[in-house]
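K.L.:
Below is one structure. I have some questions about it.
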Amino acid sequence: MEGDVFDINRRVTLLSREVAPKDRYLAAIMLPTTRLLEPLGDVSFHQVYEAYKEEVMGYAEGGVDCLWFLTFADLWEMEAALKAGTETGLRIIATMAFDPTPRGPHTMMGVAPKEAATRLVECGADIVGANCGKVSGQETVAILKEMRQACPAPLIVKPNGGIAPMEGDKLAYSIGPEEFARHVPDWVEAGARIVGGCCATGPGHAAAIIAQLREMGLRG
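Each residue of the sequence shown is one higher than the one before, starting from 0 at the first, in numbering that gives the first Met the number 0.
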């Protein structure tokens, strides 16, 4: 597939445009490379930048509304992705994955929420926040508060719904929709302006989030 990424992403976007509701935004989601950058790994900043540039240009050519870089742990890798993303002129969402540590929530590579929010905005992100990770609902509140203090950008949160093991041929969600949605008011109060669910969440969780937001008089 090397060399075909631009065309694949462009075609995927065009197909998505055909079926997406006209009153909804179409976002292109991109994950980390799973490679360590130099000096810890064998991939250079420029190589990562070039890889994301091919991706984002294909999505931009196809007509996405925004780019979303999510589940990043390495701020250096995120900076390479954002460098490529900003060259499209599109709006950019950037979120990192945090885990609980004795020092409070940090990414796997040791990035704190305040540091992440500050640097992501400096590198061109329009909306910043957290997604995935092993943090609890209350730890997510702490992440949002720290980010809110660090930058004025709109915040987005997309936490996991716990672990979802298989029971037979069905997923058994460890945190149900109603329990998950109970955290929504706290996340909004802490600064979140966009709320969703990541791993181990499904349609039921999305419906519960929407219901909770509407109960609060917000758009869901």
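Every residue gets a Cβ at the ideal spot worked out from N, C-alpha and C, and that includes glycine. Computed from a predicted structure; not experimentally measured.
For the candidate residues Q148, A149 and L30, whose alpha-carbon lies nearest to that of V55?
P.N.:
Locating residue 55 in the sequence shown gives position 56, counting from the first residue. Checked all of Q148, A149 and L30; the closest Cα to V55 is L30.
K.L.:
M29 lies in the beta strand (DSSP E); which residues open and close that run?
P.N.:
Here the question's residue 29 lines up with position 30 in the sequence shown. Its beta strand (DSSP E) spans residues A26 to M29.
K.L.:
From which residue to which residue does the alpha helix (DSSP H) around R9 run?
P.N.:
The count along the sequence shown starts at 1 and reaches residue 9 at position 10. Note, R9: alpha helix (DSSP H), V4 to V18.
K.L.:
Measure the alpha-carbon distance for T87 versus E60 and round it to whole angstroms.
P.N.:
Here residue 87 refers to the residue found at position 88 when the sequence shown is read from its first residue. Here residue 60 refers to the residue found at position 61 when the sequence shown is read from its first residue. Computed Cα separation, rounded: 9 Å.
K.L.:
Check whether the Cβ atoms of L69 and T94 lie closer than 8 Å to each other.
P.N.:
Here residue 69 is taken as the residue at index 70 of the sequence shown, counted from 1. Here residue 94 is taken as the residue at index 95 of the sequence shown, counted from 1. In this structure, T94 lies closer than 8 Å to L69 by Cβ.
K.L.:
Pick helix, strand or coil for G40, following the three-state DSSP scheme.
P.N.:
The residue given as residue 40 occupies position 41 in the sequence shown. Note: G40 maps to coil in three-state DSSP.
K.L.:
I need the boundaries of the beta strand (DSSP E) containing R102, first residue and last residue.
P.N.:
As a working note, residue 102 is residue 103 in the sequence shown. First-last for R102: undefined, no H or E at that position.
K.L.:
Looking at the structure shown, is M95 part of a helix, part of a strand, or coil, going by DSSP?
P.N.:
If you number the sequence shown from 1, residue 95 lands on position 96. In this structure, M95 counts as strand in the three-state DSSP scheme.
K.L.:
With DSSP as the reference, please indicate the residues paired to I126 in a beta bridge.
P.N.:
Sequence index remark: in the sequence shown, residue 126 carries index 127 (1-based). Answer is I92.
K.L.:
Between the alpha carbons of K21 and L13, how many angstroms are there, rounded?
P.N.:
Against the sequence shown, residue 21 aligns to sequence position 22. Against the sequence shown, residue 13 aligns to sequence position 14. Roughly 13 Å separates the two Cα atoms.
K.L.:
Using 8 Å as the cut-off, can you tell me whether the stretch 70 to 80 makes contact with the stretch 40 to 51, which would need three or more C-beta pairs spanning the two stretches below that distance?
P.N.:
The stretch 70 to 80 vs the stretch 40 to 51: in contact.
K.L.:
Label R181 either buried or exposed according to how many other C-beta atoms from any shown protein chain fall within 10 Å of its C-beta, with 16 as the threshold for buried.
P.N.:
Position 182 of the sequence shown, counting from 1, holds the residue named residue 181. Exposed is the call here.
K.L.:
What is the residue span of the alpha helix (DSSP H) that L143 lies within?
P.N.:
In the sequence shown, counting from the first residue as 1, residue 143 sits at position 144. It spans G136 to A149 - the alpha helix (DSSP H) in which L143 sits, taken as one unbroken run.
K.L.:
I'd like to know if the stretch 99 to 115 and the stretch 139 to 154 are in contact, where contact means that at least 3 CB-CB pairs between them fall below 8 Å.
P.N.:
With the cut-off at 8 Å, the stretch 99 to 115 and the stretch 139 to 154 touch.
K.L.:
Under DSSP, the alpha helix (DSSP H) around R118 begins and ends at which residues?
P.N.:
Counted from its first residue, the sequence shown places residue 118 at position 119. Start and end: P112 to E121.
K.L.:
Just the Cα atoms here: how many angstroms apart are A207 and G190?
P.N.:
Residue 207 sits at position 208 when you count from the first residue of the sequence shown. Residue 190 sits at position 191 when you count from the first residue of the sequence shown. Distance between the alpha carbons of A207 and G190 is about 19 Å.
K.L.:
Could I get the ranges of all uninterrupted beta strand (DSSP E) runs contained in the stretch 158 to 217, with 3 residues as the minimum, in chain order?
P.N.:
Complete beta strand (DSSP E) runs here, min 3: 191 to 194.
K.L.:
Identify the continuous alpha helix (DSSP H) that holds R81 and give its terminal residues.
P.N.:
Here the question's residue 81 lines up with position 82 in the sequence shown. Here residue 81 turns out to be Leu, not Arg, going by the sequence shown. Run containing L81: L74 to T85, per the alpha helix (DSSP H) assignment.
K.L.:
Give the DSSP-derived three-state secondary structure of V156 in the structure shown.
P.N.:
Taking the first residue of the sequence shown as position 1, residue 156 is located at position 157. Note: V156 maps to strand in three-state DSSP.
K.L.:
Pull up the CB-CB distance for D6 and G57, whole angstroms please, since I reckon it's below 8 Å.
P.N.:
Numbered from 1 along the sequence shown, position 7 holds the residue referred to as residue 6. Numbered from 1 along the sequence shown, position 58 holds the residue referred to as residue 57. Correct: roughly 7 Å between the Cβ atoms.
K.L.:
Buried or exposed for V18, please, with buried defined as at least 16 other CB atoms from any protein chain shown within 10 angstroms of its CB.
P.N.:
Looking up residue 18 in the sequence shown gives position 19. Under this definition V18 is an exposed residue.
K.L.:
Since D73 and L119 are thought to touch, with beta carbons under 8 Å apart, how far apart are those beta carbons, to the nearest angstrom?
P.N.:
Locating residue 73 in the sequence shown gives position 74, where the first residue counts as 1. Locating residue 119 in the sequence shown gives position 120, where the first residue counts as 1. No, D73 and L119 are not in contact; Cβ-Cβ is about 12 Å, not under 8 Å.
K.L.:
Buried or exposed for Q137, going by 16 or more other Cβ atoms inside 10 Å?
P.N.:
Within the sequence shown, numbered from 1, the residue matching residue 137 stands at position 138. The residue in question, Q137, is exposed, as its Cβ has fewer than 16 Cβ neighbours within 10 Å.
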